[in-house]
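Colleague:
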Amino acid sequence: MSDQEKKQQEHEKDLAEFECGEPGRDEEAHVQRQIEIAKGPMETLHLKPEIAHVHDGVTPQLKVGVYICRCGGNISDVVDVEKVAETARLIPGVCVAKVHTFVCSDPGQHLISDDILQENLDRVVVASCSPFLHEQTFRGAVSRGGMNPYLYEHVNIREQASWAHKHDPAGATTKAIRMVAAAVGKLRLAQPLDKIKLPNHRRALVIGGGIAGLKAAADLAGRGIKVLLVEIADQLGGHLNERGRIYPSEHDASEFVSALVTQVRASSNIEILLSSKVSAVSGFIGNFKIVIESLRSDGSTSKMDETVGAIIMATGYRPYIPQNGEFLYKAEPCVLTLPEFIQHMQSLSGDAKQLTYCGQAIRNIGFLHCVGSRQIDGIHQPSPNGALNTYCSRTCCTTILQQALAVRKRFPHTGVFDFNQDIRTYGRGEENYYTQASRQGVVFFRYNGDEPPRVEAATGSRGKDGVLRIIVKDALTWGEELEIGVDMLVLGTGMIPGQITGLIEAMKLAVGEDGFLQEVHPKLRPVELAVNGILVAGTAQAPMNVHETLAAAGAAAAKAAAMFATEEVELNPYVAEVDLSRCSGEARCVTQCDYEGALKMVQVEVDGVMVDRAEVNAGLCVGCGACVAVCPHRAIDLNGWRIDQFEAMIEGLAAEIPHPECSSELVSIQ
Amino acid sequence: MNMQIDSEYRPDAVVVGGGIAGLQSALDLADQGLKVLIVERQPSIGGHMIALSKVYPTLDCASCITTPKMSAAAHHENITILTNTEVKAIKSADGMHRVELLQKPTYVNFDKCIGCRQCEYACDSEYPDPFERGLGTVRAIAVPFTNAIPQKAILDAEHCGTCGTCARVCPTDAIEYDQQPRSLTIRTDAVIVASGFLLNDIHLKPQYNAHRNKNIIDSLTLERLLAPHGPYGRVLRPSDGKIPTSVAFVQCAGSRDESIGVPYCSRVCCMYAIKQAMLLSGSLPLADITIYYMDIRAFGKGYEQFYQNAKAMGINFARGKVARIEPVSSGDLSLHVESTEDALNPLQEHRHDLVVLAQGMIPGWNPTVDTPVTCASDGFVETPMLTAPTITNAPGIFVAGAAAGPKDIVDTIAEAGAAAMQVSQYLFQKRSPVLVG
Ligand SMILES: Cc1cc2nc3c(=O)[nH]c(=O)nc-3n(C[C@H](O)[C@H](O)[C@H](O)COP(=O)(O)OP(=O)(O)OC[C@H]3O[C@@H](n4cnc5c(N)ncnc54)[C@H](O)[C@@H]3O)c2cc1C
Ligand code: SF4
Ligand code: SF4
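For the record, the sequence lines run as chains C and E. Okay, so the first sequence: first residue is 745 according to my numbering, each after it adds one. Okay, so the second sequence: first residue is 57 according to my numbering, each after it adds one.
1. With three or more beta-carbon pairs closer than 8 Å as the criterion, would you say the region 927-947 of chain C touches the region 1027-1045 of chain C?
2. Using a Cβ-Cβ cutoff of less than 8 Å, which residues in the same chain neighbour residue 315 of chain E once the five nearest sequence positions on both sides are dropped?
3. Is it the case that the Cβ atoms of residue 117 of chain E and residue 284 of chain E are separated by a distance below 9 Å?
4. With a threshold of 9 Å between beta-carbons, can residue 127 of chain E be considered close to chain C, or not?
5. Would you say residue 63 of chain E reaches chain C, if we count a Cβ-Cβ gap shorter than 9 Å as a contact?
6. Have a look at C:1066, C:1186 and C:1176 and flag the residue whose alpha-carbon is nearest the alpha-carbon of residue 1127 of chain C.
7. Residues in its own chain within less than 6 Å of residue 395 of chain E by CB, not counting five upstream and five downstream?
8. Taking the CB atoms as reference points, tell me whether residue 834 of chain C and residue 868 of chain C lie closer together than 9 Å.
9. How about residue 911 of chain C and residue 875 of chain C: do their beta carbons lie closer than 9 Å?
10. Relative to the C-alpha of residue 89 of chain E, which candidate in E:486, E:199, E:480 and E:487 has its C-alpha closest?
11. Measuring CA to CA, which of C:1380, C:847 and C:1153 is closest to residue 121 of chain E?
12. Between the region 1169-1179 of chain C and the region 1104-1114 of chain C, do three or more beta carbon pairs fall short of 8 Å?
13. Looking at C-beta atoms only, is the number of pairs between the region 237-248 of chain E and the region 442-459 of chain E that lie closer than 8 Å three or more?
14. So, with DSSP's three-state summary, where would you put residue 488 of chain E?
15. Alpha carbons only, please: which of E:200, E:71 and E:175 is nearest the one belonging to residue 184 of chain E?
16. Residue 157 of chain E and residue 241 of chain E - do their beta-carbons sit closer together than 9 Å?
17. Kindly examine ligand 2 and report whether one of its heavy atoms sits closer than 8 Å to the Cβ of residue 7 of chain E.
18. Kindly identify the DSSP beta-bridge partner or partners of residue 1188 of chain C.
19. Does at least one heavy atom of ligand 3 sit under 8 Å from the Cβ of residue 496 of chain E?
20. Just checking, does the region 1051-1061 of chain C make contact with the region 1237-1257 of chain C on the three C-beta pairs under 8 Å criterion?
21. Do residue 818 of chain C and ligand 2 come close, with the Cβ less than 8 Å from some heavy atom?
22. Closest by CA to residue 928 of chain C, which one among C:1224, C:969, C:871 and C:999?
23. Can you tell me which of the three DSSP states residue 883 of chain C falls into?
24. Pull up the CB-CB distance for residue 1295 of chain C and residue 960 of chain C, whole angstroms please, since I reckon it's below 8 Å.
25. When you compare the CB of residue 269 of chain E with every CB in chain C, is at least one pair closer than 9 Å?
26. Any idea what DSSP makes of residue 980 of chain C, helix, strand or coil?
27. Would you kindly report the start and end of the unbroken alpha helix (DSSP H) that includes residue 929 of chain C?
28. With distances taken from CA atoms, which of C:1274, C:1053, C:1190 and C:1002 is nearest residue 980 of chain C?
29. So residue 890 of chain C packs on residue 937 of chain C, CB below 8 Å; how close in whole Å?
30. What residues match up with residue 406 of chain E in a beta bridge as DSSP calls it?
31. Give the straight-line distance between the Cα atoms of residue 257 of chain E and residue 1010 of chain C, rounded to the nearest whole angstrom.
32. In chain order, what residues of the same chain have a beta carbon less than 8 Å from the beta carbon of residue 1017 of chain C, not counting five sequence neighbours either side?
33. Within this structure, are the beta carbons of residue 992 of chain C and residue 1142 of chain C separated by less than 9 Å?
34. When the cut-off is 9 Å and only beta carbons count, does residue 1009 of chain C lie next to chain E?
35. Hey, residue 434 of chain E and residue 320 of chain E are a contact pair by Cβ (cut 8 Å); roughly how many whole angstroms apart?
36. Can we count residue 352 of chain E as close to ligand 3, meaning its CB is less than 8 Å from some heavy atom?
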């Protein structure tokens, strides 16, 4: 088969539609309609007429469209998608069932919106990947077809069927069919819902006044948006203040920071609170209520309440501090961390001819990469809190080479030895440090991650070449064990997550395995956190250099600016709703609810008497359903996820499924 | 989808390039209520990302995460998209840019084309499919690929046999053989250069002999071979369709080498090679996979862990320089490697039946010719402002993504957001200077 034929055949498969024969619609008119309305490449093929459609009689108006995605092959390599479609068509209420290679693609989406218009569909199911990726995509597609987007159900037959059961295609197919049946069951009882609209407070809270926070604040202010900037320290600028020069431009770091600080201070849109911390957060996108505690100059604290529409987490990182004794840190005075060494270099007078430390000349200096980063279980000692930093800190390689080169240039008599696993000078202008360092005589040794170099104090008063001996199995000389004497060792320490447990708990934020804040999706939504309206910028998310931090801050600001583009914020309508005719005022639900303000008892008049009844605050309700579980009268239920819908789903999952080949018989599939 | 513009059309910003950088910055501007025109020279938006197989480090299928962005841009009321259109020049004066475009003829009237593909099925003339990087074929008139946006047929004049069949079968009379290139000029306040990258030439290093053997492929070709809907639907080596049993990746094959004019690191090749190796070991469980490298640059969030997983999966990481590649019998290749790992045997020879060269990234467009934008010595757009890395030397012109240096998708998306934010500030301040405090 030629490629072209293959493509064509696949395309025709895409077109294969299983449609109920509708009375009173003759074939010719149908074909005519097809030509008139053909918008995409989709053409309708009719199913054999003998496979008649089974309506369940209860909801004769129900017309469900089911779309099954091959996901390029991610699904169809395991799940028999054609069979899912054929079987789905036999589920009561299902009117159309189609397969497409990428339902999320433009033609795929057109297929849905066109069918809604042409077939008068009133419910839609897409069986594809995770709802996390594409639920919004398909809600958009059904809206464009003029249907209420909440009459749409998403079924995940990729993660939950094809990927989970890739060695059991038949089982995966059955599971997919059952999941589709459950979704159809749920939809049968679905009602149209509208997004909840609430006023939007167009003001952003930026937590952290390092360069990420400064940049995000400056960007928003420059766009005319009010910003509240809260910094826990008594000055702005964060860690970068102490970092000497910024690679690759070799700009003075503190000058750079003060340029940003000046810009922020000059803006009338930005209110700055120093020595302050956010102590409580409640509310939701567009309407966060926050409490800020500030330390006054007399030592007392003041509290204030503020309302903001969006929050940008720019809380940064902490430098890794080696544990006592780790590579002789603290045991030998000449073992420094990278930030300590940078400070030391800064402190040396400009015309110094010799690198010295504590009055001693440094004849040879060593730089050891990956201290506190790229740690391996069983090789490295976890931190006292149990954390093993398996990640790369991204910035230490280039910083080390920048410093190594600076030593060679300023103090040509000092020998420089670099101990690394890989040199990661990946960024623009960074490789140059590596090339220059090699040219300037920096000597490189390479160790394997599971055999880090050992550091020992040299015997004798000052050793021949230095006060320390570094013993390394060097992969560049075929694994030979070498011993290098140095007078000073710089530990290339990296970044660890900031200490923000309080904020994480207050905002219910997700944290990754590495301890940094976890974004919603590293590719699709890298600056958004799982709580709507809360964004992340800079090293609070992961190690980054200056350039990357500024980019992330700008991206977070852009998301906040987009949130503020409308007068109102829109929230999903999946919130609890009280049936006043059933509520007896026992308030069991209120005691059960975990979300402050989401549910409370109010006085209402029933038959001329004032009684207590539960009331939901739609903005604060997260739709967890804890209340639903405890109400003995079934007086409270979740819109979009009602109990009867769950029951219908279970029925769908457990039902006997009509067999495609013999639609009159009901065959149960294992 | 907005694809039509009239002479009155005056977007707030023009985005050069419809790759992920261009799409994301357009979306971030459009969501703020600004009108954006995306200009893409290829037949579809999506850039390189839509042609990838899966993406590191999540191993999400690339189509699955690119299509939502493409589709969101295509459906956005504030975004207009022109494909098959190249930005030729930008003339800036008095804070206003005149962006000069050249629309290539598609020989299909997009207003009429319904994407039914009747012409494609009827066409007799085939040529190597550019989307599949020459593997597999495509008809002279065709919709570019399954999830292309827009879904419109395009006729490739070079390979058309001028038989007239397509015009006969088209149900909407969309074929126009007499289309001519069209120049048009758009006036706008701001421009974002998101023109991305190209892989450098696979023949750049003569010692790798890529011209002598089809089984030496570049990394984008392997992406297509690995894509679930790729040219063969599975991984076969190009010369004879054999299932590879021993695959080599040659890292830094077009980067970190002053002698070829690319002294910089291309930043993505270590990670995509690891990803490709993982995907290969999934689809060819019996194959030996070796990555020859100097440094593994797994620096991003979750990347080091990804690298360690690959090692644990049994992918062989061999530290050493590949000095030479020689074709040997039956389409196989012999790699001459200077190993740093084996003292007794530092000059090694290894035989593989498929070799992937990690070519480097070079700029996708040179804007210095007819625009006020300047480039740095590496050829990528220069960004002089330290506190705002998406601002170029030309006022009102901004840059995002690989156009400003090699970058992977995560970093591109962040930078695209930053560029959008810089543009929206620029426009806000330009239009309401009084409000700026
Ligand atoms: C083999 C390979 C595998 C990869 N795998 C991954 C991965 O797994 N994960 C990951 O994060 N990254 C990966 N990457 C990197 C990823 O491809 C890039 O980060 C991303 O595509 C950059 O996006 P961009 O929009 O900047 O550039 P591009 O994708 O190149 O888009 C630029 C667009 O601009 C258009 N254009 C250029 N000039 C003009 C002009 N003058 N007028 C009009 N249009 C113009 C081009 O046609 C193109 O469509 C991989 C790269 C390669 C080479
Ligand atoms: S950047 Fe370099 S030194 Fe730092 S953790 Fe990564 S590999 Fe190690
Ligand atoms: S990313 Fe890796 S393979 Fe690519 S140029 Fe840099 S070091 Fe070489």
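Beta carbons: idealized from backbone N, C-alpha and C, even for Gly.
Modeller: On the basis of the data shown:
1. In this structure the region 927-947 of chain C touches the region 1027-1045 of chain C; the number of beta carbon pairs closer than 8 Å is three or more.
2. Nothing meets the Cβ criterion.
3. Result yes, Cβ atoms of residue 117 of chain E and residue 284 of chain E sit closer than 9 Å.
4. Output row for residue 127 of chain E: interface = yes.
5. The Cβ of residue 63 of chain E sits no closer than 9 Å to any Cβ of chain C.
6. When C:1066, C:1186 and C:1176 are compared, the shortest CA-CA separation from residue 1127 of chain C is found for C:1066.
7. Cβ within range, chain order: 376, 402 and 404.
8. Going by C-beta atoms, residue 834 of chain C is not nearer than 9 Å to residue 868 of chain C.
9. Against a cut-off of 9 Å, the Cβ pair of residue 875 of chain C and residue 911 of chain C comes out as no contact.
10. Comparing C-alpha distances from residue 89 of chain E to each of E:486, E:199, E:480 and E:487 shows the shortest one belongs to E:480.
11. The residue with the shortest Cα to Cα distance from residue 121 of chain E is C:847.
12. Touching, no.
13. Contact holds: three or more Cβ-Cβ distances are below 8 Å.
14. Secondary structure at residue 488 of chain E: coil, using DSSP grouped into helix, strand and coil.
15. Of the listed residues, the one whose Cα sits closest to residue 184 of chain E is E:200.
16. Cβ distance < 9 Å, so residue 241 of chain E and residue 157 of chain E count as in contact.
17. Since the first and last residues shown for chain E are 57 and 493, residue 7 of chain E lies out of range.
18. Answer by DSSP bridge pairing, in chain order: C:1162.
19. Outside the shown range of chain E (57 to 493) lies residue 496 of chain E, about which nothing can therefore be said.
20. Contact between the region 1051-1061 of chain C and the region 1237-1257 of chain C is present, because at least three Cβ pairs lie under 8 Å.
21. The closest heavy atom of ligand 2 lies 8 Å or more from the beta carbon of residue 818 of chain C.
22. Nearest option by C-alpha distance: C:871.
23. In this structure, residue 883 of chain C counts as helix in the three-state DSSP scheme.
24. A Cβ-Cβ distance of about 11 Å is found for the pair residue 1295 of chain C and residue 960 of chain C, leaving them out of contact under the 8 Å criterion.
25. No, residue 269 of chain E lies away from the interface with chain C (no Cβ there is under 9 Å from its Cβ).
26. Look at residue 980 of chain C here: in three-state DSSP terms it is coil, with no helix or strand label.
27. 913-932 is the extent of the alpha helix (DSSP H) around residue 929 of chain C.
28. Closest by alpha carbon: C:1002.
29. Residue 890 of chain C to residue 937 of chain C, Cβ: 16 Å. No contact.
30. DSSP output for residue 406 of chain E lists E:391 as bridge partner(s).
31. If I take the Cα positions, the gap works out to 50 Å.
32. Contacts found: 972, 973, 974, 975, 1036 and 1038.
33. Against a cut-off of 9 Å, the Cβ pair of residue 1142 of chain C and residue 992 of chain C comes out as a contact.
34. Taking Cβ atoms only, chain E never reaches closer than 9 Å to residue 1009 of chain C, which makes this a no.
35. The C-beta distance from residue 434 of chain E to residue 320 of chain E rounds to 5 Å, short enough to meet the 8 Å contact threshold.
36. In this structure, the C-beta of residue 352 of chain E approaches ligand 3 to less than 8 Å from one of its heavy atoms.
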